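First residue of the sequence shown: 10, per our numbering; consecutive thereafter. Don't be surprised by glycine CBs; every beta carbon is placed ideally from N, CA and C. In this text, all values refer to a predicted model and were calculated from it rather than measured experimentally. Taking it in order: structure first as structure tokens, then the write-up.
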Amino acid sequence: MKILAFESSCDETAVAVVEDGRKILTDQIFSQADLHAVYGGVVPEIASRCHVESISILAQRAIERAGITKEDIDAVAVTYAPGLIGAVLVGVNFAKACALALGVPLIPVHHIRGHIAANYLAYPELEPPFLCLAISGGNTILVDVRGYTDMKIIGATRDDAAGECFDKTARVLDLPYPGGRPIDELAQGGDDSKYTFPIAHVEGSPYDMSFSGLKTAVINLVHNAEQKGEEIDRPGLAASFTKAVSDSLVPRTMMAARELGYDKIVVAGGVAANSRIRADFKAAAEKRGYKLYIPPLKLCGDNGAMIGAQAYYEYLAGVRGGSDLNAYATMDL
Ligand code: KG4
């Protein structure tokens, strides 16, 4: 089954063709990051306009590069939540029109379910149940994935997402947006014990997380140093900060796996590209004898293929979108 899949929830316009949920025939991505970089973050209105300008040409290119014709498409899938509402709407409306014109089913897909499904593309043997940590720019959640379409959030950040914390830290260090990768690069060779940052624990909710205190601590440290005219060890700061994020994510995920009886751990989302977090997960999983799945770097960030992968399983579960399908800024998993 060939699914034409659209993703436009933030600042990437992406169109993919995925076969049977597991095989990428093409994955076309147009990143708007450079457009937003001058503003230090995503400007929703600019994102929406840019999606409008690029989605049609990307869809045509996806069909060409997949080596198929429009008649070969069995279904159309689209991210319908969560995300920037204007941005999501562009994808939803375009996908609705495609499905109608081609006379094929429309499959709405939750963006974070898509991130989780990126792992099905990379690991043919991976099947639920498993425990998943989804870490992206807008979400940080621990998910009990009981089936392809049966998921329960068991823990979440109470405030900022991990990716947001990377982006804000980068901004205070005058690094470009999005800040995760520049922080990752700056941290290479940095001394991770140079600065001590808080790691939050939410009383009574051991699987919940919080990153706003860490973000504030970094901002205060940088501003205080500036006011006193003190030099900051930038690689040391990036490494110490990343260690604090990792120490908040990795042990908590391991604890949840142990308590829920899982020996399969999946990590998903843009922040899963972080080299320190990947290494810490690998070491922790090896120590406990758990199987670890993290997507290759190109499937960590937003892409259309992950939407096509999850859409296949949503389709098998009977999920369909009608011509009244709407876009949603927030939505339960
Ligand atoms: O999953 P994603 O592409 O978009 C959302 O669905 O939100 O995640 C984007 C986030 C951004 O905050 C970005 O700074 C972060 O992923 N990110 C990273 C790295 N690469 C991207 N964070 C840490 N280390 C990285 N190497």
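Per DSSP, the unbroken alpha helix (DSSP H) holding residue 251 starts and ends at 243-269. Between the C-alpha atoms of residue 268 and residue 229 there is a straight-line separation of about 36 Å.
For residue 300, the three-state secondary structure derived from DSSP is strand. Looking at the DSSP output, residue 120 sits in no beta bridge, so it has no partner there. Membership of residue 89 in the beta strand (DSSP E) is indicated by the continuous run 84-90. Annotation for residue 155: the continuous beta strand (DSSP E) segment containing it runs 149-156. Collapsing the DSSP output to three states places residue 183 in coil. Residue 44 has no beta-bridge partner at all, per DSSP. Judged by pairs of C-beta atoms under 8 Å, the stretch 96-106 does not touch the stretch 121-136, as fewer than three such pairs exist. Non-local beta-carbon contacts of residue 328 in its own chain, meaning distances under 8 Å to residues more than five positions away in sequence, involve 116, 117, 158 in chain order.
In this structure, residue 55 lies near residue 44, with their beta-carbon atoms less than 8 Å apart. Membership of residue 93 in any alpha helix (DSSP H) is not indicated, and neither H nor E is assigned to it by DSSP.
Note that the C-beta distance between residue 279 and residue 309 is below 8 Å.
Ligand 1 has no heavy atom closer than 7 Å to the beta-carbon of residue 256. In the structure shown, the three-state DSSP call for residue 164 is strand. A direct Cα-Cα distance of roughly 33 Å separates residue 332 from residue 304. Comparing alpha carbon positions, the residue from 172, 136, 148, 285 closest to residue 199 is 285. In the displayed model, residue 290 falls within a helix according to three-state DSSP.
Straight across, the Cα-Cα distance linking residue 72 with residue 211 is about 47 Å.
Around residue 133, the same chain offers 31 as residues with beta carbons nearer than 8 Å, after the five sequence neighbours per side are excluded.
DSSP places residue 141 in no alpha helix (DSSP H) but in the uninterrupted beta strand (DSSP E) bounded by 139-144. Closer than 7 Å to some heavy atom of ligand 1: that describes the Cβ of residue 283. Comparing alpha carbon positions, the residue from 191, 166, 168, 213 closest to residue 178 is 191. Residue 139 is positioned such that its CB atom lies closer than 8 Å to that of residue 154.
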